[in-house]
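A.B. asks: Dropping a structure here in structure tokens format, bear with me for questions.
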Amino acid sequence: MTDEITNDPLEESTSLVKTLRPYHVWALGVGIVLVGEYMGWNFTVAKGGILGSLLALLVAGTMYLMVSLCASELGASTKLAGGPYDWARLFVGPGAAALVGLAVYMEYIALEAADSIVVASIAESILPEIQVFPITLLVITFLTFMNYRGVVAALNLNFALSFTAFIAILVFFAMSITGVGGVWNPGNLISGAIPNGLIGIFAALQFGPWFYLGIEGAAMSAEECKHPSRAVPLGQQAGMITLLLAAGMTLYVCSGLIPTDQLGVSVYPLYEAATNSGVQLLVVLLAIGTLFTCLASANGTICDSSRSWYALSRDQFLTPWFSAVHPKYNTPYRAVIFTMPIAIAFAFSGFLDQVITFSIVSGLVCYVMIPFSLIRFRKMFPQHNNKVRPFVGPLQPWLAYFTIFLALVIMSTLQWGYRYNLIFALLFYAIAYFYFNRRYRSLEVSHDWGEEMGWPEPVRT
Amino acid sequence: MEDKQKKENVDSVRYMSKLRQDALVVVVLMGILFFSESFIFYTIITTVWDSTPELSSIFPVYALFLLLVLGIGTAACLRVYSSIKEHMYTFRYYD
Chain C
0 MTDEITNDPL
10 EESTSLVKTL
20 RPYHVWALGV
30 GIVLVGEYMG
40 WNFTVAKGGI
50 LGSLLALLVA
60 GTMYLMVSLC
70 ASELGASTKL
80 AGGPYDWARL
90 FVGPGAAALV
100 GLAVYMEYIA
110 LEAADSIVVA
120 SIAESILPEI
130 QVFPITLLVI
140 TFLTFMNYRG
150 VVAALNLNFA
160 LSFTAFIAIL
170 VFFAMSITGV
180 GGVWNPGNLI
190 SGAIPNGLIG
200 IFAALQFGPW
210 FYLGIEGAAM
220 SAEECKHPSR
230 AVPLGQQAGM
240 ITLLLAAGMT
250 LYVCSGLIPT
260 DQLGVSVYPL
270 YEAATNSGVQ
280 LLVVLLAIGT
290 LFTCLASANG
300 TICDSSRSWY
310 ALSRDQFLTP
320 WFSAVHPKYN
330 TPYRAVIFTM
340 PIAIAFAFSG
350 FLDQVITFSI
360 VSGLVCYVMI
370 PFSLIRFRKM
380 FPQHNNKVRP
390 FVGPLQPWLA
400 YFTIFLALVI
410 MSTLQWGYRY
420 NLIFALLFYA
430 IAYFYFNRRY
440 RSLEVSHDWG
450 EEMGWPEPVR
460 T
Chain L
0 MEDKQKKENV
10 DSVRYMSKLR
20 QDALVVVVLM
30 GILFFSESFI
40 FYTIITTVWD
50 STPELSSIFP
60 VYALFLLLVL
70 GIGTAACLRV
80 YSSIKEHMYT
90 FRYYD
């Protein structure tokens with residue numbers, strides 16, 4: 000029995016299999032994001048030193064906790080695979096929906112490309128005779144096949160990979176605070192506490208999302224969950240706490256084991272910290288963790304980007320050809336396969352740092368639109384009942400307003416170093432918004448809440 | 000009435016046991032979160048406090064966001080628990 004307590008027409012018209020449990024939701028969210036603890040977050044140190052990194056961790060952590068709460072409420076209510084796209088479509092309008100659908104797709108597909116390249120680079124560093132190009136292709140192909148074959152198999156793989164990578168961080172932290180994980184040097188923190196003054200601390204916020212980027216994607220599995228009103232909130236919040244833990248532990252061990260000037264530019268900071276610790280067990284553990292977390296992230300992003308593409312197609316923003324569901328595996332297989340050429344194109348564009356920045360801006364666009372969708376949802380459907388809102392988030396809509404504020408603050412800090420990327424990305428999404436809003440205005444007018452969601456008509460706002 | 004009927008048709012002992020397992024996961028995670036975030040925050044701030052005079056002026060911002068992280072995290076977990084408890088018979092979470 001699924002969460003539906005009324006006859007849901009969507010359940011009859013689509014056939015995505017409903018088998019996922021809370022640990023799958025956890026695995027999807029943590030799997031995508033945990034790579035950010037293994038690499039990338041340390042650019043906060045380059046901008047603002049250890050104190051800049053600590054503030055970025057706390058500010059971005061607050062924002063993502065609130066985004067997760069918004070996503071949990073919206074995901075448990077709508078139970079649709081498109082996630083942020085579907086929330087914007089239902090509660091804001093077609094232009095915003097297309098904008099968010101594209102943003103989610105770009106955010107995840109760029110991450111997939113980056114993760115695959117890092118996996119290939121790690122393989123090359125272990126076996127210098129192999130080349131990055133074919134291994135990247137192999138990784139993308141293998142993970143696409145896993146997602147084609149079935150969502151349960153793909154997310155079981157993610158659970159195993161993410162859990163191992165998280166345990167590696169936990170063991171490293173435990174060994175570090177007990178003194179057996181190398182010499183934790185407080186001098187590193189003192190010399191690199193605040194190298195660029197207060198402006199540097201503020202500028203470090205732009206890389207804060209690295210710690211948690213993509214956790215909102217966990218709610219995109221709602222349509223495939225056995226009990227979305229339990230699995231989504233529980234899996235998503237457990238995932239968010241896991242990431243907060245991992246982020247803090249990572250900052251602690253790395254700041255004490257790597258000099259700040261090296262930490263700010265390190266490619267694999269956790270692995271480097273393990274190497275500096277001189278403990279062979281940790282070196283092996285963190286090497287495995289780095290590899291596994293990249294694979295888990297690439298795997299999870301294929302799952303989420305394909306669902307976003309599938310949802311866009313199902314609602315005729317794209318050709319309906321992509322919305323086909325595999326008769327045997329119950330996966331949106333055409334949308335899954337289509338992630339391959341796009342990811343490969345991103346991977347071999349040669350401008351990976353630009354691609355990643357585009358991914359961050361895309362994520363921040365989502366973090367404005369997700370809470371805005373929740374605010375609209377609360378206004379349109381103020382009643383709390385099992386049919387409309389089985390999970391009611393705390394302190395809403397005030398947390399949603401605060402989330403939008405923090406997302407805009409973090410976005411504004413991209414002007415230090417990535418001004419043109421920010422302008423280009425916002426221009427891209429503004430054009431997408433106006434184009435789709437004009438083209439698909441009729442979708443909003445012809446919306447039938449009873450038929451699509453089994454809900455009563457909304458309050459006029 | 001409908002909820003009451005559903006409650007009567009399920010194994011309540013099993014449901015309460017499963018609910019406690021869900022609660023345990025959340026409590027353990029929150030316990031580790033409170034310990035680790037407080038420990039890390041305290042260690043970093045006390046290590047650099049004397050050598051960084053600017054820190055005293057922006058310390059309230061750090062303290063505010065630490066409290067927000069722990070406070071919102073706790074509120075979220077309590078709400079998830081109460082939501083599961085409220086709906087577990089209606090949606091038959093543990094069958």
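Line by line, the protein sequences give chains C and L.
As numbered in numbering that gives the first Met the number 0, residues 0 to 460 make up the first sequence, in order.
As numbered in numbering that gives the first Met the number 0, residues 0 to 94 make up the second sequence, in order.
Here a beta-carbon is modelled for each residue, glycine too, at the ideal position from N, C-alpha and C.
Owing to the predicted nature of the structure, the values given are computational and were not obtained by experimental measurement.
Using a Cβ-Cβ cut-off of 8 Å, state whether M0/L counts as contacting chain C.
C.D. replies: A caution first: M0/L carries a pLDDT of 47, below 50, which makes its placement in the model unreliable, though a value can still be read off. Judged by the 8 Å Cβ criterion, M0/L is not in contact with chain C.
A.B. asks: Would you mind working out which of I341/C, F357/C and F404/C sits nearest Y366/C, comparing C-alpha positions?
C.D. replies: F404/C
A.B. asks: At the level of alpha carbons, what is the spacing between V91/C and A334/C?
C.D. replies: 25 Å
A.B. asks: Is the region 78 to 86 of chain C touching the region 241 to 248 of chain C in the sense that three or more CB pairs, one from each, lie closer than 8 Å?
C.D. replies: Not touching, per the Cβ criterion.
A.B. asks: Would you please verify whether the beta carbon of D7/C is less than 8 Å from any beta carbon of chain L?
C.D. replies: Here the model assigns D7/C a pLDDT of 41, short of 50, so the residue's position is not dependable and the matter cannot be decided.
A.B. asks: Any Cβ of chain L within less than 8 Å of the Cβ of E10/C?
C.D. replies: Here the model assigns E10/C a pLDDT of 39, short of 50, so the residue's position is not dependable and the matter cannot be decided.
A.B. asks: In whole angstroms, what is the alpha-carbon distance linking I336/C and A95/C?
C.D. replies: Approximately 26 Å, taken between the alpha carbons.
A.B. asks: Within a Cβ cutoff of 7 Å, which residues of the same chain sit near K84/L, ignoring the five residues on either side of it in sequence?
C.D. replies: L18
A.B. asks: Tell me, which residues are paired with L19/C by DSSP?
C.D. replies: C224/C
A.B. asks: Mind checking if M0/C is an interface residue toward chain L, Cβ cutoff 8 Å exclusive?
C.D. replies: Here the model assigns M0/C a pLDDT of 43, short of 50, so the residue's position is not dependable, and the following value carries that caveat. Chain L contact via Cβ: present.
A.B. asks: At the 8 Å Cβ level, is S411/C part of the contact set with chain L, yes or no?
C.D. replies: no
A.B. asks: Can you have a look at W86/C and say buried or exposed, based on whether 16 or more other CB atoms are within 10 angstroms of its CB?
C.D. replies: buried
A.B. asks: Count Cβ pairs between the region 248 to 268 of chain C and the region 164 to 178 of chain C that sit closer than 8 Å; are there 3 or more?
C.D. replies: yes
A.B. asks: Taking buried to mean at least 16 other C-beta atoms within 10 Å of its own C-beta, is D447/C buried or exposed?
C.D. replies: exposed
A.B. asks: Quick check on L285/C: buried or exposed, where buried means 16 or more other Cβ atoms within 10 Å of its Cβ?
C.D. replies: buried
A.B. asks: In angstroms, rounded to a whole number, what distance separates the CA positions of I71/L and L63/L?
C.D. replies: 12 Å
A.B. asks: Give a yes or no on whether 8 Å exceeds the smallest Cβ distance from T13/C to chain L.
C.D. replies: Per-residue confidence for T13/C stands at a pLDDT of 48, beneath the threshold of 50, marking its modelled position as unreliable; the derived number appears in the next sentence. No - not a single Cβ of chain L is within 8 Å of the one on T13/C.
A.B. asks: Which value, in whole angstroms, describes the spacing of the CA atoms of L56/C and F423/C?
C.D. replies: 26 Å
A.B. asks: Just how far apart, CA to CA, sit S120/C and S161/C?
C.D. replies: 20 Å
A.B. asks: For V117/C, which residues of its own chain have a beta-carbon under 6 Å away from its beta-carbon, when the five flanking residues on both sides are left out?
C.D. replies: Excluding positions up to five away in sequence, the list reads C293.
A.B. asks: Within this structure, are the beta carbons of A122/C and F345/C separated by less than 8 Å?
C.D. replies: no
A.B. asks: Quick check: the region 21 to 40 of chain C against the region 202 to 217 of chain C, are at least 3 beta-carbon pairs closer than 8 Å?
C.D. replies: Short answer: they touch.
A.B. asks: Is there a Cβ of chain C sitting closer than 8 Å to that of F153/L, yes or no?
C.D. replies: An answer regarding residue 153/L cannot be provided, because it is not within the stretch 0 to 94 covered by chain L.
A.B. asks: State the Cα-Cα distance for the pair F433/C and P370/C, rounded to the nearest angstrom.
C.D. replies: 21 Å
A.B. asks: Out of I341/C, A45/C and N298/C, which has the shortest C-alpha to C-alpha gap to P194/C?
C.D. replies: Among I341/C, A45/C and N298/C, the Cα nearest to that of P194/C belongs to A45/C.
A.B. asks: Excluding the five sequence neighbours on either side, which residues of its own chain have a C-beta within less than 8 Å of the C-beta of F40/L, listed in chain order?
C.D. replies: Around F40/L: Y61 and L65.
A.B. asks: Could you name the residues of the region 12 to 28 of chain L whose beta carbon sits closer than 8 Å to any beta carbon of chain C, in the order they occur along the chain?
C.D. replies: Those residues of the region 12 to 28 of chain L placed with their C-beta closer than 8 Å to a C-beta in chain C are D21, V24, V25 and L28, ordered along the chain.
A.B. asks: What in chain L is Cβ-close to I193/C, meaning under 9 Å?
C.D. replies: V47, T51, E53 and L54
A.B. asks: For a contact defined as C-beta to C-beta under 8 Å, what are the partners of V58/C on chain L?
C.D. replies: F64
A.B. asks: Please report the straight-line C-alpha distance between S307/C and A97/C, rounded to a whole angstrom.
C.D. replies: 10 Å
A.B. asks: Please list the partners that V79/L has in chain C, where partner means a Cβ-to-Cβ separation under 7 Å.
C.D. replies: P232, L233 and Q236
A.B. asks: Rounded to the nearest angstrom, what separates L398/C and L50/C at their Cα positions?
C.D. replies: Each residue's Cα considered, the two are about 25 Å apart.
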